[in-house]
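To start, the structure itself, in structure tokens.
Protein chains: 2
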Amino acid sequence: MEKTLWDEMEMTLKPVGYVRSGIAQPMLTAGEEDLALAERMEKIRRYHQKVKETVCELVIDPGLAGILEGIEDFSHILVLYWPHLIPESRRGLRRVHPMGRKDLPIKGIFATCSPARPNPILVSTVPLVEVAGNVLRVRGLEAVDGSPIVDIKPFSKSYHGAEEVRVPAWMEQIRRELEEAEGDH
Amino acid sequence: MEKTLWDEMEMTLKPVGYVRSGIAQPMLTAGEEDLALAERMEKIRRYHQKVKETVCELVIDPGLAGILEGIEDFSHILVLYWPHLIPESRRGLRRVHPMGRKDLPIKGIFATCSPARPNPILVSTVPLVEVAGNVLRVRGLEAVDGSPIVDIKPFSKSYHGAEEVRVPAWMEQIRRELEEAEGDH
Numbered sequence: 528m529e530k531t532l533w534d535e536m537e538m539t540l541k542p543v544g545y546v547r548s549g550i551a552q553p554m555l556t557a558g559e560e561d562l563a564l565a566e567r568m569e570k571i572r573r574y575h576q577k578v579k580e581t582v583c584e585l586v587i588d589p590g591l592a593g594i595l596e597g598i599e600d601f602s603h604i605l606v607l608y609w610p611h612l613i614p615e616s617r618r619g620l621r622r623v624h625p626m627g628r629k630d631l632p633i634k635g636i637f638a639t640c641s642p643a644r645p646n647p648i649l650v651s652t653v654p655l656v657e658v659a660g661n662v663l664r665v666r667g668l669e670a671v672d673g674s675p676i677v678d679i680k681p682f683s684k685s686y687h688g689a690e691e692v693r694v695p696a697w698m699e700q701i702r703r704e705l706e707e708a709e710g711d712h
Numbered sequence: 528m529e530k531t532l533w534d535e536m537e538m539t540l541k542p543v544g545y546v547r548s549g550i551a552q553p554m555l556t557a558g559e560e561d562l563a564l565a566e567r568m569e570k571i572r573r574y575h576q577k578v579k580e581t582v583c584e585l586v587i588d589p590g591l592a593g594i595l596e597g598i599e600d601f602s603h604i605l606v607l608y609w610p611h612l613i614p615e616s617r618r619g620l621r622r623v624h625p626m627g628r629k630d631l632p633i634k635g636i637f638a639t640c641s642p643a644r645p646n647p648i649l650v651s652t653v654p655l656v657e658v659a660g661n662v663l664r665v666r667g668l669e670a671v672d673g674s675p676i677v678d679i680k681p682f683s684k685s686y687h688g689a690e691e692v693r694v695p696a697w698m699e700q701i702r703r704e705l706e707e708a709e710g711d712h
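Chains A and B are the protein sequences, given in the same order. At position 106 of the first sequence (counting the first as 1) the number is 633 in my numbering, and the numbers step up by one without a gap. At position 112 of the second sequence (counting the first as 1) the number is 639 in my numbering, and the numbers step up by one without a gap.
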């Protein structure tokens, strides 16, 4: 079974929509790995702040009529999307420095939120601001303009939530640094 | 752009592992649509209770060496998996009765957690119980034995969490009925 599974099975997705956003580029682009740490972190902070405030549009394939019915009754949705600007070759990575920061320990891809993954499907929970026909408006989605949407789900505490969450020091450090930056600006 | 996207783009996934679980069948199988409501709900309750207590194994492709490094420092992970027993034809559904219950209003697929979706990738947040080599043990995953795993992510409140969540009455009703059932048994 395992051999068959690894070697032969393939799953195929078609976009169900795309993201229309003022965010044109990923947070970190190739060639920036050597920015000085302070410069890099300042760039990440500014990006994070911009993303948090951005309302973007999820344009759903009009051919999927009826598929959004009732979504307006949820305060939050999960967006599954494809980071289409990440080069295909990065699907082969196994370990990275979180956010490309060499001051943080190197970790396995499955222990990070890196968009470079074997199957690069990104998941984000966001507040649903408005529904207008086949367009959903959401706040705080870190997806660049034109990203193909793979799926939309209602946020359900029992499936998607977690309580008494513990994360390692390096992730807590990133969160703290971003929050402190917000207080400063 | 839209026409190109809907008609031509395709994204391809390969399994990164599979689920080894005592749960052999999906909650509702074909042919059960006509069970009486009370019988159907009792079946769902028993299933839900069994899933909650089940510890299952996520067997990750040993060829992906290093990709799990550091995951043991997280209390919760997101599992993205493929419901491989759901017939391919069900990817064409647009609207369903939640959990197949005709006493609940029909809703668009994107407003439900139905496994029948255009791109059937299911997302579940679960506590990580143990890591042993390329095997992760988790509790409460509603995935049947043999389900292909698409991705593993650490649960991050900022990407995946939500506060002040509002859900419609029908979803709250399902949750309440399952909880009451737990109190009774």
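Each residue gets a CB set at the ideal place from its N, CA and C atoms; glycine is no exception.
Own chain, CB closer than 6 Å to residue i, minus 5 neighbours either side, in chain order
i	result
residue 633 of chain B	622, 624
residue 678 of chain A	607
residue 686 of chain B	none
residue 618 of chain A	645
Listed by chain order, chain A residues near residue i by CB distance under 8 Å
i	result
residue 622 of chain B	593, 594, 596
residue 574 of chain B	Those within 8 Å of residue 574 of chain B in chain A number zero; the least Cβ separation is about 14 Å.
Neighbouring residues, chain A, relative to residue i (Cβ below 9 Å)
i	result
residue 602 of chain B	689, 691, 692, 693, 694
residue 683 of chain B	640, 692, 694, 698, 702
Other residues of its chain near residue i: CB distance less than 8 Å, five sequence neighbours each side excluded
i	result
residue 553 of chain B	610, 612, 613, 642, 671
residue 571 of chain A	554, 555, 626, 705
residue 551 of chain A	671, 672
Straight-line Cα distance separating residue j from residue i
i	j	result
residue 586 of chain A	residue 666 of chain B	36 Å
residue 582 of chain B	residue 547 of chain B	10 Å
residue 702 of chain B	residue 629 of chain A	44 Å
residue 644 of chain B	residue 684 of chain A	20 Å
residue 590 of chain A	residue 599 of chain A	19 Å
residue 660 of chain B	residue 588 of chain A	42 Å
residue 538 of chain A	residue 699 of chain B	33 Å
residue 655 of chain A	residue 694 of chain A	27 Å
residue 584 of chain A	residue 578 of chain A	13 Å
Closer than 7 Å at the beta carbon, the chain A residues around residue i
i	result
residue 644 of chain B	678
residue 543 of chain B	645, 646
residue 539 of chain B	537, 539
Contacts that residue i makes with chain B (C-beta to C-beta distance below 7 Å)
i	result
residue 718 of chain A	The structure shown does not extend to residue 718 of chain A, since chain A spans only 528 to 712, so no value can be given for it.
residue 634 of chain A	596, 597
Interface residues of chain B facing residue i [CB-CB closer than 9 Å]
i	result
residue 568 of chain A	The premise fails here: residue 568 of chain A is roughly 16 Å from chain B at the closest Cβ pair, so nothing lies under 9 Å.
residue 686 of chain A	640, 649, 650, 651, 652, 669
Cβ distance (whole Å) where residue i is taken to contact residue j below 8 Å
i	j	result
residue 676 of chain B	residue 544 of chain B	4 Å
residue 595 of chain A	residue 682 of chain B	The Cβ separation is near 27 Å, so there is no contact.
residue 536 of chain A	residue 541 of chain B	7 Å
residue 668 of chain A	residue 653 of chain A	5 Å
Cutoff 7 Å; reference residue i; Cβ partners in own chain excluding five residues on either side
i	result
residue 697 of chain B	625, 631, 632
residue 639 of chain B	623, 625
residue 574 of chain B	554
residue 664 of chain A	582, 584, 656, 657
residue 674 of chain B	545, 546, 608, 609, 610, 611
Practice problem: Could you say if the segment 594-610 of chain B and the segment 683-695 of chain A meet the contact criterion of at least three C-beta pairs nearer than 8 Å? | Solution: A contact between stretches requires three or more CB pairs, one per stretch, nearer than 8 Å, and the segment 594-610 of chain B meets this requirement with the segment 683-695 of chain A.
Quiz item: Contact between the segment 561-572 of chain B and the segment 646-661 of chain B: three or more CB pairs below 8 Å?
Solution: No: the two stretches stay apart, fewer than three of their Cβ pairs being nearer than 8 Å.
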